[in-house]
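Chains as they are written, first to last, in this note's numbering: chain B, 1 to 103; chain A, 104 to 582. The beta-carbon is built from N, C-alpha and C at its ideal position, and this holds for glycine as well. Note that the structure is a prediction, hence the values are computed from the model and not measured. To start, the structure under review is shown below, and the notes come after it.
Below is the structure:
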């Protein structure tokens, strides 16, 4: 059996997801997440020794496109995207100061 | 095989540097990595965008086949194994990436386990060269323009999604000069295979340096710092040297560096700590469910390999085979003048003179467009004595500027070969005017050679060939 999910782990995940949780919420979500994980653990009951690990259920690979631009779409998209933004300056998205590391 | 000479350590005795480099190269495609938006530097902000690179809901990425092909070219040029690969999401929150993750490759990169040979002959192992997408560009608007006291940021997504190849070396590099040589060599390879324009100044090439130090002779890997924002060959060298000294100073004082990201401050000539939060390093990579694996067929890889142009290393060897040596060979290939030299030599030009011109007199814009037949003609005019080396240099500069034939240019400049007989007559006159000095020269006062040469030059208005004068003086002395 894997280690039980603790509120500490949930707090860390919330922090990484930039979510602020109250103590009550932390308890609630720990219980809910634990239930989801437990459900996923059902798979461990299956014998998968003969099944190769995969990232996908699809029998697909090498899905690629040719290197052709579609400039016509872009002007429209740019205008629409900027129009949706809460704040714009000089054709750019204006955002609050980003503190911390640029990855 | 001889053991290549390594860079001497510019550190206090007993310490050596351990350096690994991550080089990000923007690939020279028409469109982005996963969307059909144009990949083009210098457009007005947010005009090269598409719903996919803006991270709009309901959009799906599709891999650009050309980006894969260019990445494979680099992989092959770096002697990597090209293999089945998977895209992964690198999760982080930063406004330069609107979907809050960057698509990269993690445990299964396209290219793995290669090496790059430096001009010195030393081989740096390449751990991997994986595909990913570039981020958007944030401009920090604030009191000083620095990241920490920005009032706000402006984001341009033209760069978001541009195909990148991240080439990761093993910590095999031992000094700033070796690091610069590695990056310069990688840059020439990227340009040679057509994978990237390799321009630092446009951000097509960006380098992060992982630096640590250790007692000489030890094999341990100590705590490293990752230095970002080193965006010229010169700053790479300076940043590494600064950081290594900082580590040695800390150890010497009984302290130790902490693992962190640091920024290179070009003006201040120092690295500064970024805000180091441990959990910020947790990117929670996982396979991107929107993309299926890429498994290049052996036929495709062979086709790409067969079409690879000569690499800088092979091009340097070709010049060495012509008798070229050392720095002259390296710079000639760097300036892409090697084809010019080889063609001129094939047309009968003297290899040594051609190489000297390429290395010393052609560090100018447009030199690589010189016509090889005309270049060969110039070299031959010089070696046959029609032009002195100074005149040849001058004619060469005019050739680069005008593209015209050296014979025409030499005639216009009034460069006509001095007849040896005429020179001899002049020399006899000079000797007759200075019998004492000539006697002393004949008896072995070698420094007088300069005086006599100068007199002849003066008499000919600088048109005489220094080599011919030297021969003439030697012959006269014996007589």
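For residue 286 of chain A against residue 314 of chain A, the beta-carbon gap comes to about 14 Å, at or over 8 Å, which does not count as contact.
Out of A:446, A:408, A:556, the CA that lies nearest to the CA of residue 183 of chain A is found in A:408. Interface flag for residue 33 of chain B against chain A is unset, since no Cβ pair is found closer than 8 Å. The beta carbons of residue 268 of chain A and residue 159 of chain A sit no closer together than 8 Å.
By the criterion of a C-beta distance shorter than 8 Å, residue 205 of chain A is surrounded in its chain by 192, 193, 195, 235, 236, 238, once the five residues flanking it on both sides are discounted.
Leaving aside the five residues that flank residue 406 of chain A on each side, none in its chain has a CB nearer than 8 Å to its CB. Spatial neighbours of residue 7 of chain B in its own chain (CB-CB distance under 8 Å, excluding positions within 5 residues in sequence) are listed in chain order as 26, 27, 30. Scanning its chain for C-beta atoms nearer than 6 Å, with the 5 sequence neighbours on each side dropped, one finds around residue 228 of chain A the residues 218, 273, 275, in chain order.
DSSP assignment within the stretch 230 to 304 of chain A yields the following whole beta strand (DSSP E) runs of 3 residues or more, N-terminal first: 240 to 245, 253 to 259, 266 to 272. Just so you know, the alpha carbons of residue 568 of chain A and residue 262 of chain A end up roughly 56 Å apart.
Looking at A:224, A:484, A:562, the one whose alpha-carbon comes closest to that of residue 429 of chain A is A:224. Annotation: residue 53 of chain B has no Cβ neighbours in chain A at a cutoff of 7 Å; minimum Cβ distance is about 10 Å. As computed with DSSP, residue 214 of chain A is found in a beta bridge with A:185, A:232. With a 10 Å radius around the Cβ and a threshold of 16 neighbouring Cβ atoms, residue 459 of chain A comes out buried. In this structure, DSSP gives residue 332 of chain A an extended state, which the three-state scheme calls strand.
As DSSP reads the structure, residue 312 of chain A sits in a beta bridge with A:124, A:330. Taking 8 Å as the cut-off, the Cβ atoms of residue 475 of chain A and residue 447 of chain A count as close. Look at the beta carbons and you see the stretch 350 to 357 of chain A not touching the stretch 385 to 399 of chain A: under three pairs across the two are nearer than 8 Å.
Interface flag for residue 387 of chain A against chain B is set, since a Cβ pair is found closer than 8 Å. Going by DSSP, residue 28 of chain B is part of the alpha helix (DSSP H) stretching over 23 to 41. Close partners of residue 66 of chain B in chain A (Cβ separation under 7 Å): 168.
For the pair residue 302 of chain A and residue 293 of chain A, the CB atoms are not nearer than the 8 Å cut-off. By the neighbour-count definition (other C-beta atoms within 10 Å, threshold 16), residue 343 of chain A is a buried residue. Within its own chain, the residues whose Cβ lies closer than 7 Å to the Cβ of residue 10 of chain B, once the five positions on either side in sequence are excluded, are 26, 29, 30, 33, listed in chain order. The DSSP-derived three-state label of residue 422 of chain A is helix. Sorting A:376, A:372, A:371 by C-alpha distance to the C-alpha of residue 361 of chain A places A:376 at the top. In chain A, no part has a C-beta under 7 Å from the C-beta of residue 36 of chain B; the shortest such distance is about 16 Å. Using beta-carbon distances, residue 40 of chain B does not count as an interface residue toward chain A, since no partner is under 8 Å. Distance from the Cα of residue 141 of chain A is smallest, within the candidate group B:48, B:51, B:77, B:84, for B:77.
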